[in-house]
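The structure appears below as structure tokens.
Protein chains in written order, with my numbering: chain A, 1 to 112; chain B, 1 to 110.
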């Protein structure tokens, strides 16, 4: 089973809202990732968690706040987003940081 | 110069054709390489890892050329269902930061 589950699949939020994206995997993977993907562009790395600790933050604005409550879960808290933050947000996990990663189906976010 | 470069295409080929894509990388210390496919409005799916000795999975063959700093993906006997964007991923540096190429679009037509 190489399943990474993301919820919700679609989200529309206003610029003053607070929302959270959720990601779950039960493969025993110890690395988890958040990516942002705009149309016709490759995924851009946002954050990497390794063994539940934040190991990489690719200079992401503070309106995006990641959280790793345990080894199976990864959240992305959103606050005061801008319309240009509208994108597909992808979660991925890998056995360890540096090995092949498996992606969830993504959350399609629209900021209005 | 971008770290990871791919020809965006599209590559337009008939069913049954053989097609090959390359992906060049700039960091000679890169350690891990992968090919993913992504269908429109879907998530990337791992196609294959790329090992130093090359690897093959059915109609798909991936190779690594460290001297020239590129990886390749060969698809034999193309199917309509192979139509997708093919993304290469390179992991570099001590922190293994994954970098995606911009992807190569493949269209297989009847």
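Here a beta-carbon is modelled for each residue, glycine too, at the ideal position from N, C-alpha and C.
For residue i, does the three-state DSSP call read helix, strand or coil?
i, result
"residue 14/B", "strand"
"residue 84/A", "helix"
"residue 77/B", "coil"
"residue 57/B", "strand"
"residue 104/B", "strand"
"residue 18/A", "strand"
"residue 32/B", "strand"
"residue 5/B", "strand"
"residue 110/B", "coil"
"residue 27/B", "coil"
Based on DSSP bridge pairs, tell me the residues matched to residue i.
i, result
"residue 25/A", "4/A"
"residue 108/A", "10/A and 88/A"
"residue 62/B", "55/B and 73/B"
"residue 98/B", "91/B"
"residue 100/A", "Answer is none; residue 100/A lacks a bridge partner."
"residue 36/A", "44/A and 89/A"
"residue 37/B", "45/B and 86/B"
"residue 94/A", "31/A and 101/A"
"residue 70/A", "73/A"
"residue 50/B", "According to DSSP, which records beta bridges pairwise, residue 50/B is partnered with nothing at all."
Residues in the segment 78-99 of chain B having any Cβ partner in chain A nearer than 7 Å: 87, 91, 95, 96, 97 and 98
Near-chain B residues of the segment 99-111 of chain A - C-beta to any C-beta below 9 Å: 99, 100, 101, 102, 103, 104, 105, 106 and 108
Can you list, in chain order, the residues of the segment 43-63 of chain B whose Cβ is nearer than 8 Å to any Cβ on chain A? 43, 44, 45, 46 and 49
Does the segment 87-102 of chain A come within contact of the segment 9-17 of chain B, defined as at least 3 CB pairs closer than 8 Å? no
Does the segment 87-96 of chain A come into contact with the segment 61-74 of chain B, if we say contact requires no fewer than three beta-carbon pairs (one atom in each stretch) closer than 8 Å? no
Compile a chain-ordered list of the residues in the segment 23-34 of chain B whose CB is closer than 9 Å to at least one CB of chain A. Residues passing the 9 Å Cβ filter: 31, 32 and 34.
With a floor of 3 residues, list each beta strand (DSSP E) that falls wholly inside the segment 40-67 of chain A, ordered by position along the chain. 44-50 and 53-57
For the pair the segment 23-36 of chain A and the segment 47-55 of chain A, tell me if three or more CB-CB distances fall below 8 Å. yes
Residues in the segment 80-98 of chain A having any Cβ partner in chain B nearer than 7 Å: 90, 97 and 98
Could you say if the segment 88-108 of chain B and the segment 25-35 of chain B meet the contact criterion of at least three C-beta pairs nearer than 8 Å? yes
Any 3 or more C-beta pairs closer than 8 Å across the segment 69-82 of chain A and the segment 15-27 of chain B: no
When you compare the segment 53-70 of chain A with the segment 51-65 of chain B, are there three or more beta-carbon pairs, one atom per stretch, that lie closer than 8 Å? No, the segment 53-70 of chain A is not in contact with the segment 51-65 of chain B.
For the segment 8-22 of chain B, enumerate the residues whose C-beta is nearer than 7 Å to any C-beta of chain A, in chain order. none
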